[in-house]
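Report on the following structure.
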Amino acid sequence: MTNHWCDIQNSDCIIIVGSNAAENHPVSFKWVTKAREENGATLISIDPRFTRSSATADIYSQMRSGTDIAFFGGMVKWVLDDMEQHLDDPNYYNKTYITEYTNLSFLINPEFKTAAENDGKFSGFIPGSGDPNFGKYDKSTWSLQ
Numbered sequence: 012m013t014n015h016w017c018d019i020q021n022s023d024c025i026i027i028v029g030s031n032a033a034e035n036h037p038v039s040f041k042w043v044t045k046a047r048e049e050n051g052a053t054l055i056s057i058d059p060r061f062t063r064s065s066a067t068a069d070i071y072s073q074m075r076s077g078t079d080i081a082f083f084g085g086m087v088k089w090v091l092d093d094m095e096q097h098l099d100d101p102n103y104y105n106k107t108y109i110t111e112y113t114n115l116s117f118l119i120n121p122e123f124k125t126a127a128e129n130d131g132k133f134s135g136f137i138p139g140s141g142d143p144n145f146g147k148y149d150k151s152t153w154s155l156q
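Note that the numbering used here gives residue 69 to position 58 of the sequence shown, counting from 1, and the numbers run on in steps of one.
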């Protein structure tokens, strides 16, 4: 658990990743149950195994072992794209929580180019006069907003 157990009761969405809290942490899981009963919280279980926690979840997502980084990268991309589509609705996302309790407000500089976008080179690559594979980097795009 990355937060205090009894604070879980205040959640409206709980994500359990690779854990069977229902059996392995019954004391903490009572707060999950309380959040679901009193707040109508949604429980999401992400695990390669179908566990007791998965059986009680509103949403179960089975992923292959070793694919968690790709899974969460895709999840973050979806959220960022979805936020862009709902910029005009201030109540769609809890912006107070996002700015005060996360680092989402420190977004990558939009001028930054990935290696895939930049012919295999890092953002800011300036080719040298001789061989175009040698040069230097302008690091001005290597920043957060």
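The beta-carbon is built from N, C-alpha and C at its ideal position, and this holds for glycine as well.
Predicted model only: the values in this text are computed from it and were never measured.
- Counting along the chain, no alpha helix (DSSP H) covers I19, and no H or E run does either.
- Looking at the DSSP output, V38 shares a beta bridge with no other residue.
- When the beta-carbon positions are compared, A66 and C24 stay at least 8 Å from each other.
- Two segments are said to touch when three or more pairs of C-beta atoms, one from each, lie closer than 8 Å; by this definition the segment 74-81 does not touch the segment 103-123.
- Between the segment 110-124 and the segment 143-150 there are fewer than three inter-stretch CB-CB distances shorter than 8 Å, so the stretches are not counted as touching.
- Judged by DSSP in its simplified three-state form, G146 adopts strand.
- Annotated as proximal: D58 and G29, with beta-carbon spacing under 8 Å.
- Assigned with DSSP and collapsed to three states, T78 falls in coil, not helix or strand.
- For the set N21, C17 and S22, the Cα lying nearest the Cα of P37 is the one of C17.
- Rounded to the nearest whole angstrom, the CA to CA distance from N21 to V43 is 9 Å.
- Per DSSP, reduced to three states, the secondary structure at L91 is helical.
- In this structure, the straight-line span from the alpha carbon of G85 to that of D92 is close to 10 Å.
- Looking from the CA of N35, the closest CA among S64, G139, P138 and I70 belongs to S64.
- For Y112, the enclosing alpha helix (DSSP H) stretches over residues K106 to Y112.
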